[in-house]
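Visitor: Take this structure first; my questions come after.
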Amino acid sequence: MRKLKEFTIPFVGLKLGQHRFEFNIDNKFFEHFEYDEFNGADVKVDLLLEKKTTMMELTFKASGTVNVYCDLTNEPYDQPIDSELLLVVKFGAEYNDDNEDLLILPHGEYEVNVQQYIYELIVLAVPSKRVHPGVLDGSLRSEVLEKLDELSPGEKEVTKEEDIDPRWNKLKNLLNDK
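Numbering (my numbering), first residue to last: 5 to 182.
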């Protein structure tokens, strides 16, 4: 996958201490990952990079909305996003990102690309079951909901004895004749 240069942070020239970065994420970002679950995205990611002598701590905070389809009605709605991620960056012999909270960069590396962490932060902040807020409070009106209400099992009609086929009555007698 091609790295997006605006998400590459050259940390070698930064002084020790805290540094802030801000990223505005839209649908073009997700098109780069070939992720098409979102109709639209408007997410702001604040990154606090704390550079120390032997390591760095990156704190990601994402807030905003993504437009998704409801799993029940297929109606689009804006799902609020509010998520946070802490990533520790250390230096070692070789690159290793096996641990989700720890990134090991080779000695001599001078920049870090954070696009994958931002992508995962936003995608994992969306609930697995997406339900339109109008469904929860009852204010949404759609054809799908009306059809679901129409087809949902309501109170069962009590059948009268005369409505039952007489052949079934003969079978019931078999159970009683012991």
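Heads up, the beta-carbon is just placed ideally off N, CA and C, and yes, glycines get one too.
1. So the candidates are N180, H136 and I85; which of them puts its Cα closest to the Cα of F64?
2. Take the Cβ of D114 as the centre, count every other Cβ of all protein chains shown within 10 Å, and call the residue buried at 16 or more, exposed below.
3. Taking the CB atoms as reference points, tell me whether V70 and A97 lie closer together than 8 Å.
4. Y114 bridges to which residues according to DSSP?
5. Quick one: grab the DSSP three-state call for A97.
6. Which runs of the beta strand (DSSP E), 3 residues or longer, sit entirely within the region 11 to 39?
7. Using CA coordinates, which residue listed in V116, V72 and N31 is at the minimum distance from P14?
8. On a Cα-Cα basis, can you pick out the residue from L20, V47, E10 and F25 that is closest to E124?
9. Which residue wins for smallest C-alpha separation from S143, given the options E38, N103, F34 and T77?
10. Which of helix, strand or coil does DSSP assign to K174?
11. Among G68, L90 and P80, which has the Cα closest to the Cα of N28?
12. When the Cα of L20 is compared with those of E61, N43 and K7, which residue comes out closest?
13. Is it buried or exposed, I168, if we count other Cβ atoms within 10 angstroms and call 16 or more buried?
Guide: Inspection of the coordinates gives the following:
1. I85
2. Residue identity differs from the one stated: residue 114 is Tyr in this sequence, not Asp. Exposed, since its Cβ has fewer than 16 Cβ neighbours within 10 Å.
3. no
4. Per DSSP, none; premise fails for Y114.
5. coil
6. 12 to 14 and 21 to 29
7. V116
8. V47
9. T77
10. helix
11. G68
12. E61
13. exposed
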